[in-house]
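Asks: In this note's numbering, the protein residues as written are 175 to 595. Glycine is no exception: its CB is placed at the ideal position from the N, C-alpha and C atoms. Please find one structure pasted underneath; my questions will follow.
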């Protein structure tokens, strides 16, 4: 079933790992990336976003940018910033955020499993975003940012992980954002065989985050096959770098909505519409931090509930039972809000393209929603997070989630593991 294999990893030297490990390339715009690299020239972002090495008049997607990424990667390997493990192994990647631990296995997944939908998707990809990483992977002949995969927990894999974590880690550092990162190596032949055999019995693996990186890596793999018609399937380009986490350890954060105007309605008119459509009750008085109001009091407590901030007041809103759906997509809270309120009342037909709506990741907190509603927006909605089981159900049905349905934290670091193809 799922072919998840060990690989010979290129990884940072231990004394450089905390400087090299970087957040994913796509969390920054060009200006932000330049600022990070200027402050830490050893950051892997310098390679992931090699336009940081050029003046602003050089196009981000110019071929010379990708060639620079290739040259820098080779230079960092040659100067000892990276080391190349000779033997194939699995790596355990543990992240701790606010005392909460999640542990995954770093490995290589099969491009055929992706094509055959054993590795399942829940999100569409855009060709322009794919092309950037296709050029990066192909020019560097390496995958530098792992795909975040999820699987239903397996006792055999868990046992090997727990046993390995009793030993000494390869790396143990805390990044500037407070996230602790530990890496262990599974190199025992029996343990490698046990993990590989356990994954072969798993019939579905799910992309949690990194759909564009996955699609790009797979397309490079098939491009290399076309260039090497005598390939036998064992070549490294047949696989892509991943970190696989058991479902029970994953947490999806809320992905919230802010809207710039009320579509011509006054606040009292809009509130009347809300009360017609949902069960609506005020929460305390005023903003978070005033009159004893806390984020925990405002945050939705269960599926079917969301909170609204309008005119300096928070409201608890509940979707009515008759509005709920068993459909894996239509039954998502973000879908219900879109279909009951955002489209018919606020006139937001396509949230992917409508500039009147914006999305705020849960990591930014609910006070960020207040700030937006007090500046460039009129109303904010705090959502209850989509669950990993809901994500699985959508992917199993061969369906797609609405945009901005899931926000995963903590983010996997780039530059910790590199897979040469």
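1. According to DSSP, simplified to helix, strand and coil, what is residue 592?
2. Quick check: the Cα distance between residue 359 and residue 338, rounded to an integer number of angstroms?
3. Return helix, strand or coil for residue 475, following the three-state DSSP convention.
4. From residue 602 to residue 543, what does the alpha carbon distance come to, in whole angstroms?
5. Would you please state the rounded distance, in angstroms, between the beta carbons of residue 549 and residue 492? I believe it to be under 8 Å.
6. Where do the ends of the beta strand (DSSP E) carrying residue 277 lie?
7. If we count the other Cβ atoms within 10 Å of its Cβ and call it buried at 16 or more, is residue 371 buried or exposed?
8. On the CB-based measure, 16 or more other CB atoms within 10 Å of its CB, does residue 205 come out buried or exposed?
9. So, is residue 584 buried or exposed, given that buried needs 16 or more other C-beta atoms within 10 angstroms?
10. Please say whether residue 285 and residue 181 have beta carbons closer to each other than 8 Å?
11. Measuring alpha carbon to alpha carbon, tell me which residue in 201, 184 and 292 is nearest residue 257.
12. Helix, strand or coil for residue 186, going by three-state DSSP, please let me know.
13. Check whether the Cβ atoms of residue 343 and residue 586 lie closer than 8 Å to each other.
14. Where does residue 434 fall in DSSP's three states?
15. If you check the beta carbons only, do residue 599 and residue 433 fall under 8 Å apart?
16. Could I get the ranges of all uninterrupted alpha helix (DSSP H) runs contained in the region 209-244, with 4 residues as the minimum, in chain order?
17. With a floor of 3 residues, list each beta strand (DSSP E) that falls wholly inside the region 436-497, ordered by position along the chain.
18. Considering only their Cβ atoms, is the gap separating residue 521 from residue 318 smaller than 8 Å?
19. Of all the options 424, 230, 243 and 179, which has the alpha carbon lying nearest to the alpha carbon of residue 218?
20. Taking the straight line between their C-alpha atoms, what separation do you get for residue 355 and residue 480?
21. Given residue 164, which residues of its chain have a CB within under 6 Å of its CB, disregarding the five upstream and five downstream residues?
22. Beta carbon of residue 269, beta carbon of residue 418: below 8 Å?
23. In the DSSP assignment, find the alpha helix (DSSP H) that holds residue 562 and state where it starts and stops.
24. Inspect the CB distances between the region 551-566 and the region 385-403 and report whether three or more fall short of 8 Å.
25. Starting from the Cα of residue 310, find the closest Cα among 388, 229 and 287 and give me that residue.
26. Which value, in whole angstroms, describes the spacing of the CA atoms of residue 216 and residue 447?
27. May I have the straight-line CA-CA distance separating residue 214 from residue 266, to the nearest angstrom?
28. Over what stretch of residues does the alpha helix (DSSP H) that includes residue 395 continue unbroken?
29. The ligand GTP and residue 440: does any heavy atom of the ligand fall closer than 7 Å to the residue's C-beta?
30. Just reading off the beta strand (DSSP E) that residue 359 is part of, what are its end residues?
31. Quick one: Cα of residue 456 to Cα of residue 564, how far?
32. Do you know how far the Cα of residue 240 is from the Cα of residue 233?
33. In three-state DSSP terms, what is residue 295?
34. What distance in whole Å lies between the Cβ atoms of residue 225 and residue 410, which are believed to be in contact at a cut-off of 8 Å?
35. My output table needs one value for residue 508: the three-state DSSP class, helix, strand or coil.
36. Use the C-beta contact count for residue 412: other C-beta atoms within 10 angstroms, 16 or more gives buried, fewer gives exposed.
Replies: Here's the rundown:
1. strand
2. 8 Å
3. coil
4. With the chain covering 175 to 595 only, the question about residue 602 has no answer from this structure.
5. Wrong, their Cβ atoms sit about 28 Å apart, outside the cutoff.
6. 274-284
7. exposed
8. exposed
9. buried
10. no
11. 184
12. strand
13. no
14. coil
15. The chain is shown from 175 up to 595; residue 599 falls before or after that span and cannot be answered.
16. 219-222
17. 453-457, 479-484 and 487-492
18. no
19. 243
20. 33 Å
21. A question about residue 164 goes unanswered here, because the residues of the chain that appear run from 175 up to 595.
22. no
23. 562-570
24. no
25. 388
26. 54 Å
27. 26 Å
28. 385-401
29. Absence of the ligand GTP is noted for the structure shown, with no ligands found whatsoever.
30. 354-360
31. 29 Å
32. 11 Å
33. coil
34. That belief does not hold up - the Cβ atoms of residue 410 and residue 225 are roughly 27 Å apart, past 8 Å.
35. helix
36. buried
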